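Colleague: The listed protein sequences correspond, in order, to chains A and B.
Be aware that the first sequence starts at 1, since it is given in this note's numbering, and climbs by one per residue.
Be aware that the second sequence starts at 1001, since it is given in this note's numbering, and climbs by one per residue.
Note that CB positions come from ideal geometry on N, CA and C, so glycine has one too.
In this text the structure is predicted, and so the values were computed from the model without any measurement.
First, the structure itself, so that you have it in front of you.
Number of protein chains: 2
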Amino acid sequence: MNDNQVKEITNRDVDFAKWYTDVVKKADLIDYSSVKGSMIIRPYGYAIWENMQSILDKKFKSTNHENVQMPMFIPESLLNVEKEHVLGFAPEVAWVTYGGNNKLEERMCVRPTSETLFCEHFKKIIKSYRDLPVLYNQWCTIVRWEKTTRPFLRSREILWQEGHTMHATEKEAKEETLRMLKIYEDFQKNILAIPVFTGKKTDKEKFAGAEETYAIEAMMYDGIALQNATSHYFGQGFAKAFDIKFLDKDNKLKYPYQTSWGCTTRMIGALVMVHGDNRGLVLPPRIAPYKVIIIPISDDEEINKTVDSIKEDLSDSLITYKIDNSNKTPGFKFAEAEVKGYPIRIEVGKRDLKEGIVTIVRRDTLEKIKVPADEAVMKVNELLINIQNDMYERALKRRNSMIYEASNYEEMTKIAKEKQGFIFTNWCGDEACENKIKDDLGLKSRCIPFEGKEPTGDKTCVCCGKKATTKIYWAKQY
Amino acid sequence: MNDNQVKEITNRDVDFAKWYTDVVKKADLIDYSSVKGSMIIRPYGYAIWENMQSILDKKFKSTNHENVQMPMFIPESLLNVEKEHVLGFAPEVAWVTYGGNNKLEERMCVRPTSETLFCEHFKKIIKSYRDLPVLYNQWCTIVRWEKTTRPFLRSREILWQEGHTMHATEKEAKEETLRMLKIYEDFQKNILAIPVFTGKKTDKEKFAGAEETYAIEAMMYDGIALQNATSHYFGQGFAKAFDIKFLDKDNKLKYPYQTSWGCTTRMIGALVMVHGDNRGLVLPPRIAPYKVIIIPISDDEEINKTVDSIKEDLSDSLITYKIDNSNKTPGFKFAEAEVKGYPIRIEVGKRDLKEGIVTIVRRDTLEKIKVPADEAVMKVNELLINIQNDMYERALKRRNSMIYEASNYEEMTKIAKEKQGFIFTNWCGDEACENKIKDDLGLKSRCIPFEGKEPTGDKTCVCCGKKATTKIYWAKQY
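See below:
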């Protein structure tokens, strides 16, 4: 970061898209390169991802999943084995055609997802019911050749994890699908402070090759939906396509039942767009790489002594922190701390110290709190919990205020035109209505929630007026 | 693992290559797939890599390095910027030529290493001496289109870390190069229990584009060398090619000095080939995913009670363990535990329990130790330290017994034909001799050691007889 780097950020209510790219760039989360459609994840952005990985990886392991690493390439013939799957992915893969100077006999794509690779392996390692369940996860990079890209949200290269599991029974596989969805939901709620809807995707929106797809749907500040994680139940589709069979307890050969589930660096985009403000990033304490930034107002012996003492207290409390010892002006340092979204800033200045106090500033509310210097870290401990909770509550309140119910197409059209947010309606279940709503209003189905999905009011589809089978959320999407 | 899976392993003194592939496969480290030249790293193999990552990552961070993530693709024009570099790597890269159905305007390779990507980024972020040093690391997968591949040793896809740093002065950059080499050396010695030589590579063997390359050279059981990690000093070569300049304290524009350094999953191959035996893998305790395997000899109440109590003691001591509760025979369980190389096996059987004891078996020596059940974990704690040290000492002794000195070409030829191991000789420094030795004897230069490199004896080159400038190690290599 250079002294002369201006931290001006576009107003988020004037141009949200420009605000977003300003924030991810100025908070040093990413940079661009000559590799179109890809991004560089800079140390501060990558540290957020490492925190996400570390927390989720522990969760996956505590639920008996093991990490593996598959090849990054998929031969074309292997991608082609499951028909729906290849139709969904072939148009957006990167093809490797040459190794050095030699044309490959068979071209290979860089994995867009690894169901085919896992299935080929599962066929070799699954022989008996004793080999089940197989509970695997992989942290890796995938590639999808997107035409329009935006940092974290839609990128040609995506850092993610993909879980792939095989089970002896349909019941176990379905339980696994929902177990992992719940892990994602809890993670987003408790760690990222992001309120989410969970539910089932429509047939039109489900993963290519899946029987059922469940998703985590979050609402960004601008009311647009971001699908943040998915969990798929495959039934025996891939198992049959790959001829994976096991000898069950009853001595019969059977096809196992499969799931996969994943989440990506897209969650970093969600953090920005749910919590950020006109000064930049606002990170929930539980995911922030540094919970506290200490800013000495000047280079002074007493200030340095106080800073050292606070540092020691923070270390004792296992609270991660940064110190801005640069020769920039205090005002510049404050602005920079705000852009980067450290949850708490501690200003240590001479005037305050004359009264034995320091100033603590909450990033989420910008509230200033004066406390005795030797009680600073006790206050920080308390504030970190409050900030985490308040950020969730604030996001939840805002999201709930942007959910609208519509009972007929006229109402739905009016809301879609005048409001930002999600629309909750009755639906007949017919893809024709889904397509019409997309074409007319630019809204896509988000999910059918687990609870409260019974049709209400006149119980007719908001679009065609026929008998509704469910309620469903609609929204514009990233 | 299936009951009927035979764990027979080729004798390592009869066919070492076959022994190696037997062990990596039967210890469940890897599997093959239809992706030629790539491997599947299975949970047990990946857990070893995760341990390596975790330990090294802490080391890198404690020396102020930050993790980042660059794109995985390099446009051809970017790879071409530094001339020596592209000559070294272009013949062995995988080229992506299509995105979906569209031919790319410019083809891109999958990164074989990321100097060019880092340099493009460094040009943007380095403006002033205040921005230096930049100390970055990246954990990722790279691709090199090898013709002949072997699991972990030479693979088309390689999991690795690559550090890339920029410094204001030559001195700092050279210190960094050696600092990281030392971290690798300590890691291999203290964690992997692998004795290594460290030293400088010859000009012929250095990294494409580097001014100096330093390497970690280990000797495998069969006397063949495995280069296990490298650290490069680039001087200002890339900085000039990429036009990276910073304003120094003296207000002059200067080119910064660069390093890069890396190590890979190849280290897993080294673990196998240094420590393994005819029963399979032997893992040093400090890198083993599970330090202990507990084997109940039968399903019995008293046995289960003892197992539970040992489990609890192990957990209290933070010692990772596995329990083999399968319905296989004890003999099969022992063989499997040996193939997988768990450092310690605890057998809990009825006959022993009558006397209140359990049997502990060291994997490295196969020594059986009877201890009171309630002292088992105290003994395990002691043994883990002993095993780690003994394994290093044993490997060191064996390696040292396979180093030969040769003072003339006749001697060198005789040793090369009759012995397995490293040959240490005087050398004139001329590439012609290096080429002749390779062509005649199949030996490549390993490294010029930091200490003891002054020519000895008649001080003439072992090959051409001219004045020697240094001593150097030679060996066959993987």
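#1: Distance cutoff 9 Å, beta carbons only. Does Ala94 of chain A sit that close to anything in chain B?
#2: Could you tell me which chain B residues have their CB closer than 9 Å to the CB of Ser38 of chain A, listed as they occur along the chain?
#3: How is the alpha helix (DSSP H) around Pro330 of chain A delimited, first residue to last?
#4: What is the DSSP secondary structure of Tyr290 of chain A, reduced to helix, strand or coil?
#5: Is any beta-carbon of chain A found at less than 9 Å from that of Ser1034 of chain B?
#6: Expressed to the nearest angstrom, what Euclidean distance is found between the alpha-carbon atoms of Ile1295 of chain B and Gly45 of chain A?
#7: Just checking Asp250 of chain A against the ligand ADP - is the residue's beta carbon closer than 8 Å to any of the ligand's heavy atoms?
#8: Can you find the residues in the same chain that come closer than 8 Å, C-beta to C-beta, to Thr1165 of chain B, ignoring five residues on each side of it along the sequence?
#9: Spatial neighbours of Ser1407 of chain B within its chain, please: C-beta separation below 6 Å, excluding the five flanking residues on both sides.
#10: Can you tell me which of A:Cys463, A:Ser326, A:Lys471, A:Val272 puts its alpha carbon nearest to the alpha carbon of Phe152 of chain A?
#11: How would you list, in chain order, the residues of chain A whose beta-carbon sits under 7 Å from the beta-carbon of Leu1159 of chain B?
#12: Terminal residues of the continuous alpha helix (DSSP H) containing Val1377 of chain B?
#13: Mapping DSSP to helix, strand and coil, what is Asp3 of chain A?
#14: When you compare the CB positions of Ser317 of chain A and Asn381 of chain A, do they come within less than 9 Å of one another, or not?
#15: According to DSSP, simplified to helix, strand and coil, what is Lys1322 of chain B?
#16: Use the C-beta contact count for Phe1424 of chain B: other C-beta atoms within 10 angstroms, 16 or more gives buried, fewer gives exposed.
#17: Contact check, Lys1350 of chain B vs Ile1293 of chain B under 8 Å by CB: the rounded distance?
#18: Counting only C-beta atoms, is Trp427 of chain A closer than 9 Å to chain B at any point?
#19: Between the Cα of Ile40 of chain A and those of B:Ala1047, B:Lys1417, B:Glu1162, B:Gln1069, spot the shortest distance and give me the residue it belongs to.
#20: In whole angstroms, what is the alpha-carbon distance linking Arg286 of chain A and Gly276 of chain A?
#21: On a CA-only basis, which of A:Glu367, A:Leu366, A:Val371, A:Lys340 is nearest Lys354 of chain A? Give me that one, please.
#22: How many angstroms separate the CA atom of Ala47 of chain A from the CA atom of Asn190 of chain A?
#23: When the Cα atoms are used, what is the spatial distance from Ala1337 of chain B to Lys1322 of chain B?
#24: Taking a contact to mean a Cβ-Cβ separation below 9 Å, would you say Ser1038 of chain B touches Glu1157 of chain B in this structure?
#25: Pick helix, strand or coil for Phe1450 of chain B, following the three-state DSSP scheme.
#26: In the DSSP output, what is Phe1246 of chain B paired with across the bridge?
#27: If you compare alpha carbons, which of B:Tyr1129, B:Ser1326, B:Asn1389, B:Glu1454 is closest to Ala1193 of chain B?
#28: Let's see if you can read the secondary structure: which residues bound the alpha helix (DSSP H) around Phe152 of chain A?
#29: Using a Cβ cut-off of 8 Å, pull out every chain A residue sitting near Arg1042 of chain B, in sequence order please.
#30: Determine, for Pro195 of chain A, whether the minimum Cβ-Cβ distance to residues of chain B falls below 9 Å.
#31: Which of the three DSSP states is assigned to Leu1441 of chain B in this structure?
#32: Do Met219 of chain A and Met402 of chain A have their beta-carbon atoms positioned less than 9 Å apart in this structure?
#33: At what residues does the beta strand (DSSP E) containing Arg107 of chain A begin and finish?
#34: Would you mind giving the Cβ-Cβ distance between Trp19 of chain A and Leu159 of chain A, rounded to the nearest angstrom? I have them listed as a contact below 8 Å.
#35: Threshold first: 4 residues or longer. Then list the alpha helix (DSSP H) segments lying entirely within the segment 1020 to 1083 of chain B, N to C.
#36: Is Met166 of chain A close to chain B? Criterion is C-beta to C-beta, closer than 9 Å.
Modeller: Reading it off the structure:
#1: The residue labelled residue 94 of chain A in the question sits at position 94 within the first sequence. So, interface residue.
#2: On the first sequence, position 38 is the one that residue 38 of chain A refers to. Those within 9 Å of Ser38 of chain A in chain B are Met1070, Pro1071, Met1072, Phe1073.
#3: As a first step, residue 330 of chain A is located in the first sequence; it is residue number 330 there, counting from the start. Run containing Pro330 of chain A: 330 to 340, per the alpha helix (DSSP H) assignment.
#4: For the purposes of this step, residue 290 of chain A is identified with residue 290 of the first sequence, where counting begins at 1. It is coil, neither helix nor strand.
#5: For the purposes of this step, residue 1034 of chain B is taken as the residue at position 34 of the second sequence. Yes, Ser1034 of chain B lies at the interface with chain A (some Cβ there is under 9 Å from its Cβ).
#6: Counted from its first residue, the second sequence places residue 1295 of chain B at position 295. Counted from its first residue, the first sequence places residue 45 of chain A at position 45. Their backbone Cα atoms lie some 45 Å apart in a straight line.
#7: What this structure holds is no ligand at all, so the ligand ADP is not there to describe.
#8: To locate residue 1165 of chain B, count along the second sequence from 1; it is residue 165. Cβ within range, chain order: His1065, Pro1133, Val1134, Leu1135, Tyr1136, Ala1173, Glu1176, Gln1258, Thr1259, Ser1260.
#9: By 1-based counting over the second sequence, the position of residue 1407 of chain B is 407. Gly1457, listed in sequence order.
#10: Locating residue 152 of chain A in the first sequence gives position 152, where the first residue counts as 1. Of the candidates A:Cys463, A:Ser326, A:Lys471, A:Val272, the one whose C-alpha sits nearest the C-alpha of Phe152 of chain A is A:Val272.
#11: Here residue 1159 of chain B refers to the residue found at position 159 of the second sequence. Gln69, listed in chain order.
#12: As a working note, residue 1377 of chain B is residue 377 in the second sequence. Here the alpha helix (DSSP H) through Val1377 of chain B covers 1376 to 1400.
#13: Here residue 3 of chain A refers to the residue found at position 3 of the first sequence. Bear in mind that the predicted position of Asp3 of chain A carries a pLDDT of just 39, short of 50, making it too unreliable to give a figure here.
#14: Numbered from its first residue, the first sequence carries residue 317 of chain A at position 317. Numbered from its first residue, the first sequence carries residue 381 of chain A at position 381. Contact flag set, yes.
#15: Position 322 of the second sequence, counted from the first residue, corresponds to residue 1322 of chain B. DSSP places Lys1322 of chain B in strand when its eight states are reduced to three.
#16: Position 424 of the second sequence, counted from the first residue, corresponds to residue 1424 of chain B. Buried.
#17: On the second sequence, position 350 is the one that residue 1350 of chain B refers to. On the second sequence, position 293 is the one that residue 1293 of chain B refers to. Going by Cβ atoms, the distance from Lys1350 of chain B to Ile1293 of chain B rounds to 19 Å, so no, they are not a contact pair.
#18: Here residue 427 of chain A refers to the residue found at position 427 when the first sequence is read from its first residue. Not closer than 9 Å to any Cβ of chain B, the Cβ of Trp427 of chain A fails to qualify, so no.
#19: Working through the first sequence from its first residue, we reach residue 40 of chain A at position 40. Closest option to Ile40 of chain A, Cα to Cα, is B:Gln1069.
#20: Taking the first sequence and counting its residues from 1, the one referred to as residue 286 of chain A is at position 286. Taking the first sequence and counting its residues from 1, the one referred to as residue 276 of chain A is at position 276. Cα to Cα, the separation comes out at about 16 Å.
#21: As a position in the first sequence, residue 354 of chain A is number 354, starting the count at 1. Residue A:Val371 is the option with its Cα nearest to Lys354 of chain A.
#22: Residue mapping note: residue 47 of chain A aligns to position 47 of the first sequence, counting from 1. Residue mapping note: residue 190 of chain A aligns to position 190 of the first sequence, counting from 1. Cα to Cα, Ala47 of chain A sits roughly 19 Å from Asn190 of chain A.
#23: Translated into the one-based positions of the second sequence, residue 1337 of chain B becomes position 337. Translated into the one-based positions of the second sequence, residue 1322 of chain B becomes position 322. Using only the alpha carbons, I get a separation of about 10 Å.
#24: Counted from its first residue, the second sequence places residue 1038 of chain B at position 38. Counted from its first residue, the second sequence places residue 1157 of chain B at position 157. Contact flag set, yes.
#25: Within the second sequence, the letter at position 450 stands for residue 1450 of chain B. Residue state, collapsed to three classes: coil.
#26: Counting from one through the second sequence, the residue named residue 1246 of chain B turns up at place 246. Per DSSP, B:Lys1254.
#27: Your numbering for residue 1193 of chain B matches position 193 in the second sequence. Of the listed residues, the one whose Cα sits closest to Ala1193 of chain B is B:Asn1389.
#28: Walking along the first sequence from the start, residue 152 of chain A turns up at place 152. Careful: Phe152 of chain A lies outside any alpha helix (DSSP H) and carries neither H nor E.
#29: Taking the first residue of the second sequence as position 1, residue 1042 of chain B is located at position 42. In chain order: Val68.
#30: Residue 195 of chain A sits at position 195 when you count from the first residue of the first sequence. Chain B contact via Cβ: absent.
#31: In the second sequence, residue 1441 of chain B corresponds to position 441, counting from 1. Three-state result, Leu1441 of chain B: helix.
#32: As a first step, residue 402 of chain A is located in the first sequence; it is residue number 402 there, counting from the start. As a first step, residue 219 of chain A is located in the first sequence; it is residue number 219 there, counting from the start. In this structure, Met219 of chain A lies closer than 9 Å to Met402 of chain A by Cβ.
#33: If you number the first sequence from 1, residue 107 of chain A lands on position 107. Per DSSP, Arg107 of chain A belongs to the beta strand (DSSP E) from 102 to 110.
#34: Here residue 19 of chain A refers to the residue found at position 19 when the first sequence is read from its first residue. Here residue 159 of chain A refers to the residue found at position 159 when the first sequence is read from its first residue. So it is not a contact: roughly 24 Å between Cβ atoms.
#35: 1043 to 1062, 1076 to 1079
#36: Stepping through the first sequence from its first residue, residue 166 of chain A is reached at position 166. With 9 Å as the cut-off, Met166 of chain A does not count as an interface residue toward chain B.
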